[in-house]
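Just remember that my numbering sits 275 ahead of the position in the sequence shown, which is counted from 1.
Everything below concerns the one structure shown next.
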Amino acid sequence: MQVYVEKPKCTGCAHCFDVCPVAVFEMKDRDSPEVNNDVAPENDKWKGSNDPALVQKWSGVQDGHRHFADKYESHSGGISVGVSGPACILCQACLVECEGECIVITDDSNNVYRSIYK
Ligand code: SF4
Ligand code: SF4
Numbered sequence: 276m277q278v279y280v281e282k283p284k285c286t287g288c289a290h291c292f293d294v295c296p297v298a299v300f301e302m303k304d305r306d307s308p309e310v311n312n313d314v315a316p317e318n319d320k321w322k323g324s325n326d327p328a329l330v331q332k333w334s335g336v337q338d339g340h341r342h343f344a345d346k347y348e349s350h351s352g353g354i355s356v357g358v359s360g361p362a363c364i365l366c367q368a369c370l371v372e373c374e375g376e377c378i379v380i381t382d383d384s385n386n387v388y389r390s391i392y393k
């Protein structure tokens with residue numbers, strides 16, 4: 276399994292980090308040298324700016340998570356990185372919890388699964 280996050284869309288909600296039973300995701304600060312340490316293609320790497328539509332949708336939402344915060348602190352902020360894609364068991368828990376709809380999983384038969392926020 277390959278797992279990556281489309282970084283410009285990641286709100287930093289950390290839902291993926293919280294629900295994954297096999298610790299595929301790690302939250303990284305936006306200025307961390309490790310923020311692009313997954314298999315995201317070039318266009319989906321973090322280069323310093325978020326998707327404006329997602330910022331408009333989530334920046335004012337008060338749901339207990341800090342959206343688009345630079346630093347990961349305790350339970351939100353930063354950006355998620357799919358550091359352990361091969362461990363994924365395709366339980367799909369992250370795919371329905373991802374606010375940014377920005378998780379992409381490819382299985383060993385090249386089927387692609389994308390997150391859709393429930
Ligand atoms: S689908 Fe994979 S990456 Fe997502 S929560 Fe389940 S095991 Fe973790
Ligand atoms: S659930 Fe989606 S939006 Fe939230 S931190 Fe994970 S990848 Fe980013």
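Virtual Cβ for every residue (Gly too), placed ideally from N, Cα, C.
Just so it is clear, the structure is predicted and the values come from calculations on it, not from any experiment.
Between residue i and residue j, how many whole angstroms is the CB-CB distance? I'm expecting something under 8 Å.
i: Y347; j: D293; result: In fact, because the Cβ distance is near 12 Å, the residues do not count as touching under 8 Å.
i: I391; j: L365; result: Not a contact, Cβ separation roughly 15 Å.
i: E376; j: K284; result: 7 Å
i: V379; j: V310; result: With 8 Å as the limit, V379 and V310 do not qualify as a contact, their Cβ atoms being about 16 Å apart.
Less than 8 Å between C-beta atoms, sequence neighbours within five positions excluded: which residues of the same chain meet that for residue i?
i: A344; result: G287, S351, G352 and G353
Which residue marks the beginning of the alpha helix (DSSP H) containing residue i, and which one marks its end?
i: K332; result: P327 to W333
i: V294; result: H290 to V294
From what residue to what residue does the beta strand (DSSP E) around residue i run?
i: K303; result: F300 to K303
i: V394; result: No answer is possible for residue 394: it lies beyond the span of the chain, which begins at 276 and ends at 393.
i: V280; result: Q277 to V280
i: V297; result: That residue, V297, is in no beta strand (DSSP E); it is neither H nor E in DSSP.
i: T381; result: I378 to T381
Tell me which residues share the same chain as residue i and place their Cβ nearer than 6 Å to its Cβ, disregarding the 5 neighbours each side in the sequence.
i: A362; result: V297 and V299
i: A368; result: V294
i: Y279; result: D313, V314, A315, G357 and V379
i: D340; result: Inspection of the sequence shows that residue 340 is occupied by His rather than by Asp. Once the five neighbours on either side are set aside, the close Cβ partners of H340 are C288 and S351.
i: R389; result: V379
Pairing CB atoms from the stretch 315 to 324 with CB atoms from the stretch 382 to 391, are three or more of them under 8 Å?
no
Contained alpha helix (DSSP H) runs [length at least 4] in the stretch 309 to 371, N- to C-terminal order
327 to 333
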